[in-house]
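**Q** I'd like to ask you about the structure that follows.
2 protein chains.
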Amino acid sequence: MKTKYVYAFEAGDGKNKKLLGGKGANLCEMTQIGLRVPPGFVITTDACLAYLNSPTNDLPQGLMDEVMEHIRALEKATGKGFGDPENPLLVSVRSGSALSMPGMMDTILNLGLNQDTIHGLIKQTGNERFAYDAYRRFIQLFAKVAIGIPDDYFNASLDAIKVKSGAISDIDLTTSDLQEITDLFLHVVEEQALRSFPQDVYEQLTIAIKAVFGSWMGKRAVDYRREFRITPDMANGTACNIVAMVFGNMGSDSGTGVGFTRDPATGENLMFGEYLVNAQGEDVVAGIRTPKPIQAMAKEMPDLYAQLEDLRQKLERHYREVQDFEFTIEKGVLYCLQTRNGKMNATAMVRTSVEMESEGLLTKDEALARINPENMEQLLYPGLDPSYDAKPLATGLPASPGAASGKCVFDADRAESLGSAGEKVILVREETKPDDIHGFFASQGILTSRGGKTSHAAVVARGMGKPCVAGAEGIHVDTLHRLAQVGDRVVHEGDVITIDGATGNVYLGAIPTVEPEWSAELDILLQWADDTARLGVRANADTPEDAERSRKYGATGIGLCRTERMFNAPDRLPIVVDMILAQDKEQREEALARLLPIQRADFVGIFKAMSPYPVTIRLLDPPIHEFLPLESELLVQLDDLRELRDTVRTASRLLDTVRFVDPALHEKYAAGIAKLPINLERLDTETVEKVLAKRELMLQRARTLREVNPMLGHRGVRLGLSYPEIYGMQIMAILEATAECLKQGVEVHPEIMVPQVGIAKELEAVKTLVDTIALEVEASHKVKLDCKYGTMIEVVRACVLAGEIAEIAEFFSFGTNDLTQATFSFSREDAENKFLPFYQETGILDTNPFESLDTKGVGGLMRLGVTEGRKTKPDLKIGICGEHGGHPASINFCHEVGLDYVSCSGPRVPIARLAAAHAVLKERASITDKSL
Amino acid sequence: MKTKYVYAFEAGDGKNKKLLGGKGANLCEMTQIGLRVPPGFVITTDACLAYLNSPTNDLPQGLMDEVMEHIRALEKATGKGFGDPENPLLVSVRSGSALSMPGMMDTILNLGLNQDTIHGLIKQTGNERFAYDAYRRFIQLFAKVAIGIPDDYFNASLDAIKVKSGAISDIDLTTSDLQEITDLFLHVVEEQALRSFPQDVYEQLTIAIKAVFGSWMGKRAVDYRREFRITPDMANGTACNIVAMVFGNMGSDSGTGVGFTRDPATGENLMFGEYLVNAQGEDVVAGIRTPKPIQAMAKEMPDLYAQLEDLRQKLERHYREVQDFEFTIEKGVLYCLQTRNGKMNATAMVRTSVEMESEGLLTKDEALARINPENMEQLLYPGLDPSYDAKPLATGLPASPGAASGKCVFDADRAESLGSAGEKVILVREETKPDDIHGFFASQGILTSRGGKTSHAAVVARGMGKPCVAGAEGIHVDTLHRLAQVGDRVVHEGDVITIDGATGNVYLGAIPTVEPEWSAELDILLQWADDTARLGVRANADTPEDAERSRKYGATGIGLCRTERMFNAPDRLPIVVDMILAQDKEQREEALARLLPIQRADFVGIFKAMSPYPVTIRLLDPPIHEFLPLESELLVQLDDLRELRDTVRTASRLLDTVRFVDPALHEKYAAGIAKLPINLERLDTETVEKVLAKRELMLQRARTLREVNPMLGHRGVRLGLSYPEIYGMQIMAILEATAECLKQGVEVHPEIMVPQVGIAKELEAVKTLVDTIALEVEASHKVKLDCKYGTMIEVVRACVLAGEIAEIAEFFSFGTNDLTQATFSFSREDAENKFLPFYQETGILDTNPFESLDTKGVGGLMRLGVTEGRKTKPDLKIGICGEHGGHPASINFCHEVGLDYVSCSGPRVPIARLAAAHAVLKERASITDKSL
């Protein structure tokens, strides 16, 4: 049987993109669902491949016969004649492969024009200038694409005429200029190609088809396919679409426009778009005339508007997705030239999902599936007003999303004093430490010049839901002089800046921000997500406020409550420092006894805010030296204090001497000294000496506690076992808080979680402590406690030996931040500053494994942990509380691997809820695929 | 059938320790192989259990009948009568369970003595004093063990008599004193027990048997079993041995002694031991008489000596192991009381193994199996003379074995200058850095006050085979004043100290050391080991000297050649620093070009030293900031340099002024200045400024390169890919050296190994570099290179994705040092200084995983790596080059898991060879076990 190479749009299979190309299939589909599309036909990719394989460079036998047959059908459909000088049929010849490769292959417009048909076109359009403009463009394009004459030759001629006629741009060219250009162009072709421009329209067509096919192997296309790894099984050869030209510039009953079936900014179910009467699409592009909003058409061309409305309905009913379409009206006839899925912002996506479901256009699954969870971030954080155009002063890492403006302040105390006075401030530091924490509370956002996405600033800001730009290395922070330098610009304290945590940009001045809106539709959609998802979604929350906020986002429990955050609060840090400076266990226990009631109250607050959902509390994790100031800071403080001591000494001695010698002068001096910033009454030498001694002790302790690799150091359970009184205090606080809530009738489900466990005996040792204290609390409070006991799985060894560990643990929670560091042997802070960007640029890693879970490596260990853990305890509850818990692709993996829940920062909870639903949809699809 | 509870030594099954206890079984065995053992019998552990379970506290029915029957046999065998006042049979009643529990259960001697038989004993021995001494001891022991009267009561009586007779110690007591004591003791019993001391010998025996059985449940025994986790399936109940007493003090034809069947110090095949004529064992213990060497017996008692020689032969032929035995001669009859395997030093073990094999006593396998590889260390390193008694000044970690004495020096330059002058020096530092390396070469050993077993000092010293004590925290090193403080003692530069790398002890003064001996027997033994082993043994060696030395130890290849060691040598470090300070790639390449010929020469040397065996070369691994001095040191240097600059400036200015004003004075000044340590001609301001600028750049670079967790930082392949010119230079040096050797007819098998790989693409990227350079070198040198390409497996992810990595790697080498750190999330330096000792004390870890491979965790990952790697490439060559490669238990695991070779530091190669053979023997034994 002879191969069929050509399909009319009425006949081609709209699903067969491989054979017809994307554009061809789309045109077939539109035609067949009853949309008026300019008539035409497709030559298949098979024909292309046959041509490319032909050793003699011939189109396959019989192809041109088929084409001519279809041209005759086109003539019939349009009432025009191909090559007819009176009423010529013009066509476009367009490439189109199975995958979109924008601009990589060739297209020729207005084919069919020659010295005769040009007159027919003038007659058809009544627009001589347009006709010659179309003709000269056709000649250039055809010559370039089909004959290979570079644009330069034509541009030289064009420029010559422009000079001659004094035209500045193409728009200034007159009809006769264009006529002259046409002649010149024909001459260029003759000179360069050593042949005259083909006047025979079939010859034009044959050459054009070959050129389009040939462009598949053009350098651009080949490079593109290599770059984007498009293999022959994905797309092989281009189809060639021959489409009758339609013109929107044929009078006041003609026009052109673009439309969305719904408003892409709000999602409102109304046609959205703009149009121009008596114009071609290129007029819109050239910006000569301003298009009108599409609603105006209802008055101006009511019939056509009705047709357009009809088109909108048909498109949505067929594609079941908001469409972005192009149309042309030729003499009162509406043609749809192209349609594709409309790009919308997140608000519109959510609204249309919910409304299209209620309209019966989408199922709930489809309504969920069409929304990319990652795009929802714009619904949850304030962003910069996109209409405002500003140049960033500097750029750092986008460390915590959201945008904020405020006055620069360079230390936490100043942030607090200004902040409590009602000023909006941005805390700017080289890097932050736990003792800056009160500054975080008082600030709108945080900017640092050092550190990565896991730096103290970044993690704390994310937890608080405040914007943060970290590691903006271009900024030199000079705390001493209270200024920051960016190149040769200086920003002083009090100058207003704006930071954008979504991009990492830092701006001078206040840039308007747009607040997020939590719509009723979003609630509906997320409810559907929850109904679909198998994974639960919890929040990482360290305070009652965090807990309340995360409930609003839909969290059903706390997956990670970090107790060290409580240690960092300004009222506790001094006690924690006392604990660290303790000379023996008694002193340490004394400090811990002061912390106990504070921690207990924290837990009561969190339990109440989260009741009746479970709350997982992680015992102290970081190495304790993190609670001390940096050694370098202590050195500076010591220098200052010593100077202060000397000043105080000298001043006191001087004053005493003077008092003795000359009481009058003494009074004068005393008055002067009273004006000094140092209060001599208060700051006597003794006090200064005491402070000095404490700082010296802190320095000494900081040096003793210093570690070569703190990430792998004396922390987590290793610390907890060395100083059991610390964990003892925390466990006591948790269990007493539980007892207190129970007595108040509040339902609580505490889960005690031990960090950094790699050896089953570590977990066993802490369990002894928990059991002992639980008995004690039950006896003293006369309640029955129900507290689960489990562990973080963040040490590689814990994955390998999960079976042993599950004998003791009632639950696991994967800490994929640390697990990723250990699996790759990457210190995150060092990696992100030093080699990770390079690894991503060079493709050694596709993604940053700290953002997107490395499913092969880290995921392989997680899979092992889940399997081994559940072998021991089939109903072992397993979650994840690393940052990956809020990352959609990683959530999908967590679903696949059989976790029970993910836990993430509050604002990412909605994203996680949707991603959890997506995981189920994906799983169902793959099951369906397999069953086919 | 009635249970049989009693076995004569002639009848008991010598292998059934469970039933007869260890001692009982041993006595049966000795008896049955024809040794003369004092006659006796065993009451089984079953009898013990039956007694302990009896609610009425009775011995099982019929037991005493059986016992009496055996007593009658004893009477017959000895010609004495139990309770016979003329010629009494005395017995010992001894406990003995399946497992040795020394001192935990009770034993009674001389049972059978009473007011009548004491006279018979006097008659038998002709020694009244001895008889009463035996009697009073028997009364006290029996009363304590069987009746429960504390020693205190008896001691009070004893002391009273001593005071009365003026005796200072027991030896001073006269016969009549002892007689009086005996009477007093009998009185004590009567008073305390409210009954008289049992005079009936069968009553004595019954009570004694019950007491021995009862001691199984005594507090001491129960605690001991709990402590050492002895469960009932290991030992349940004690047997009770009734043995006729024999006496060595019955005249000049009697005696006692101990012997070894071969010399335990040298292994020489000669009887070794000592004896006393007419004495009991306790005389030896009491130290009253000095025993004679056993050879003296040949003259003194030739007949008995012949019997002893016969005993020696019988023991060795039966036990096929050197025996440590006790004997007593009673009236010319030699009794063997006990025998057990002799404890020997390593030299003797090796010699006896080889000789006993040639004598046909042992098979080669047995000869190998009886030597503990770990004990061989004493054969390989010098040790402190064990006869020298000294108190350590301080103690640190035993970081590199061997012992050495020398003068303290506090910096590497001084070590070099003294060392090259022929002085023996010990380099003492707070911690060492690469720029101390010339000091290592010049020193006998290294002592540091900070850092663990993996510190720079430890690792470098081990590699060089020099002793090192690291992290001796009690020592405060004061480099500035050239002294060290230990408590209030001060050690000045030049004072002689001795360090012992086997114990970590540091001594003041020179302590004699003992040099190791490499015997012919050791060579034979290791040859057998090689014939048996499946694992190959390679050495870690970084220099041609290392390579040569390790060949002497029997290495068949280099498993790890660390190229960074070459960078550290004094002639290269300045070039490496230039490379680090380079402002751009060109400058860096310029520095590398200077390093290239040096590295190439290194490799030529190593290849030649190791030909024809393979040499695995690891490309640069540590982060480059390790090649810069510490920031704190740079700060001090900068301060010094700035001061120097100011001095030079002032001096120059002054000199110039004076020259102008008063030439004569100028000359005088100039002469004075010439005497200063600063050479003003050479050290002009400009030079100082230049040095200063370079140091400033170094500081700046050190700060830029600083990392939070250097262990997980910018190092290994991550560094190699960021600066491909560094790896490029190294690869070029390796391949050019290969080509050079080939042209000289030297057989070389280089293997290029990439460190820190966790991602297959990392390995792929470096391979491109290797392939390109190989083509280049092959073309320019006109040779065909055969170079293998592989990777360290030291990143967890590499284990998980070993299948992917094996697609590129031709070999794997496990780097278990880093792998252990990553698997546990333990930074070794921090862990060993902070919490690992505590973990081992509390039993959370049984061993230090950095010394003994964690077979469950790290081993689990290795197993995964081997399995996945060989799935991809079944013939993948796999080794290990971490420190575990020299640790016997870890080597056994490497064998089990199917590695091809282990690689360890040169001096551990013999240990590894033996351990590799042991692994095979163990495997065979377990296969045999299974087949049974």
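These protein sequence lines are chains A and B, in that order.
Sequence positions in the first sequence follow the working numbering and run 1 to 932.
Sequence positions in the second sequence follow the working numbering and run 1001 to 1932.
Every residue, glycine too, gets a C-beta built ideally from N, C-alpha and C.
1. Does the count of Cβ pairs from the stretch 1876 to 1890 of chain B and the stretch 1806 to 1823 of chain B closer than 8 Å reach three?
2. Helix, strand or coil for B:Ser1931 per DSSP?
3. Determine the extent of the beta strand (DSSP E) in which A:Pro55 is found, giving its start and end residues.
4. Going straight from the alpha carbon of A:Cys799 to that of A:Lys871, what length do you get?
5. How close, in whole Å, do the beta carbons of A:Leu181 and A:Arg136 come, if the pair is a contact with beta carbons under 8 Å?
6. Contact between the stretch 1569 to 1587 of chain B and the stretch 1515 to 1532 of chain B is defined here as three or more beta-carbon pairs at a separation below 8 Å; is this criterion met?
7. Name the chain B residues that come within less than 7 Å of A:Ser722, Cβ to Cβ?
8. Taking C-beta to C-beta, are A:Thr206 and A:Met64 nearer than 8 Å?
9. In whole angstroms, what is the alpha-carbon distance linking A:Glu794 and B:Ile1371?
10. Would you say B:Glu1431 and B:Ala1457 are within 8 Å of each other, going by their C-beta atoms?
11. Would you kindly work out how many angstroms separate the C-alpha atoms of B:Gly1360 and B:Ala1346, rounded to a whole number?
12. Would you identify the three-state DSSP class for A:Tyr5, choosing helix, strand or coil?
13. Taking only beta-carbon positions, decide if A:Asp436 is within less than 8 Å of chain B.
14. Please compile the residues from chain B whose C-beta is within a distance smaller than 8 Å of the C-beta of A:Pro629.
15. Identify the contact partners of A:Glu473 in chain E, using a Cβ-Cβ distance below 8 Å as the criterion.
16. Does chain A have any CB closer than 8 Å to the CB of B:Leu1801?
17. Just verifying my parser: in three-state terms, what is the DSSP assignment at A:Gln61?
18. Just tell me which of B:Arg1600, B:Leu1899, B:Tyr1202 and B:Asp1640 has its CA closest to the CA of B:Pro1874.
19. Suppose the cutoff is 7 Å on Cβ atoms and the five residues either side in sequence are ignored; what does the same chain contact list for A:Leu89 look like?
20. DSSP puts B:Met1753 in a beta bridge; with which residues?
21. Can you give the Cα-Cα distance for B:Thr1820 and B:Lys1856, rounded to whole angstroms?
22. Can you give me the Cβ contacts of A:Ala131 inside the same chain, cut-off strictly under 7 Å, excluding the 5 residues immediately before and after it?
23. Closer than 8 Å, CB to CB, is A:Phe812 near chain B or not?
24. Output, in sequence order along the chain, the residues in the stretch 1848 to 1867 of chain B whose CB is closer than 7 Å to any CB in chain A.
25. Starting from B:Thr1823, find everything on chain A with Cβ-Cβ shorter than 9 Å and list it in chain order.
26. Sorry if obvious, but does the Cβ on A:Gly148 come closer than 7 Å to a heavy atom of the ligand NAD?
27. Cutting at 8 Å between CB atoms, please list the residues of its own chain near A:Glu190, excluding the five before and the five after it.
28. At a cut of 8 Å, does the stretch 903 to 910 of chain A reach the stretch 838 to 854 of chain A through at least three beta carbon pairs?
29. Please report how far the alpha carbon of B:Phe1826 lies from the alpha carbon of B:Ala1265, in whole angstroms.
30. Determine, using beta carbons only, whether A:Ala415 and A:Ser443 come nearer to each other than 8 Å.
31. Starting from B:Lys1407 and walking both ways along the beta strand (DSSP E), at which residues does that stretch end?
32. How would you label A:Gly255, buried or exposed, when you count the other beta carbons within 10 angstroms and need 16 or more for buried?
33. What does the alpha-carbon distance come out to for the pair B:Ala1211 and B:Leu1141?
34. What residues in its chain sit with their C-beta under 8 Å from that of B:Ser1165, if we drop five residues either side in the sequence?
**A** Reading off the structure:
1. Enough Cβ pairs lie closer than 8 Å, so yes.
2. Unreliable placement is indicated for B:Ser1931, whose pLDDT of 47 sits below 50; no coordinate value is reported for it.
3. Per DSSP, A:Pro55 lies in no beta strand (DSSP E) and is assigned neither H nor E.
4. For A:Cys799 and A:Lys871, the distance between alpha carbons rounds to 13 Å.
5. What sits at residue 181 of chain A in the sequence shown is Ile, not Leu. Taking the Cβ atoms as the reference, A:Ile181 lies roughly 5 Å from A:Arg136, within the contact range of under 8 Å.
6. Result no; under three Cβ-Cβ pairs closer than 8 Å.
7. Near A:Ser722 (Cβ distances below 7 Å), the residues of chain B are Phe1835 and Phe1838.
8. Against a cut-off of 8 Å, the Cβ pair of A:Met64 and A:Thr206 comes out as a contact.
9. Taking the straight line joining both Cα atoms gives about 42 Å.
10. Contact flag set, yes.
11. Their Cα atoms are separated by approximately 21 Å.
12. In the displayed model, A:Tyr5 falls within coil according to three-state DSSP, outside both helix and strand.
13. So no, A:Asp436 is outside the interface.
14. Going along chain B, no residue has its Cβ under 8 Å from A:Pro629, so there is no contact; the nearest lies around 17 Å.
15. Any reference to chain E falls outside this structure, whose protein chains are A and B.
16. Yes, B:Leu1801 lies at the interface with chain A (some Cβ there is under 8 Å from its Cβ).
17. In this structure, A:Gln61 counts as coil in the three-state DSSP scheme.
18. Of all alpha-carbon atoms in B:Arg1600, B:Leu1899, B:Tyr1202 and B:Asp1640, the one lying nearest the alpha-carbon of B:Pro1874 is that of B:Leu1899.
19. Once the five neighbours on either side are set aside, the close Cβ partners of A:Leu89 are Leu74, Glu75, Thr78, Lys80, Gly81, Phe82, Gly112 and Ala244.
20. B:Met1753 pairs with B:Arg1618 and B:Gly1790.
21. Across the structure, B:Thr1820 and B:Lys1856 are spaced so that their CA atoms are roughly 11 Å apart.
22. Ile118, Leu121, Ile122 and Thr125, listed in sequence order.
23. Chain B, which has no Cβ nearer than 8 Å to the Cβ of A:Phe812, makes this no.
24. Shown in chain order are the members of the stretch 1848 to 1867 of chain B whose Cβ falls below 7 Å from a Cβ of chain A: Lys1856, Gly1857, Gly1860 and Leu1861.
25. Taking a Cβ-Cβ threshold of 9 Å, the residues of chain A close to B:Thr1823 are Gly758, Val795, Val796, Arg797, Val800 and Ala822, in chain order.
26. Questions concerning the ligand NAD fall outside what the structure shown contains, since it holds no ligand whatsoever.
27. If we look at A:Glu190 and ignore the five residues flanking it on each side, its Cβ neighbours are Ser196 and Phe197.
28. Contact fails: fewer than three Cβ-Cβ distances are below 8 Å.
29. The alpha-carbon atoms of B:Phe1826 and B:Ala1265 are separated by roughly 42 Å.
30. In contact: A:Ala415 and A:Ser443 (Cβ atoms closer than 8 Å).
31. Unbroken beta strand (DSSP E) run through B:Lys1407: Ala1403 to Val1409.
32. Residue burial is scored here from C-beta neighbours: A:Gly255 has at least 16 other C-beta atoms within 10 angstroms and is therefore classed as buried.
33. Within the model, the alpha-carbon separation for B:Ala1211 versus B:Leu1141 is close to 11 Å.
34. So the list reads Asp1172, Leu1173, Thr1174 and Asp1177, once near-sequence residues are dropped.
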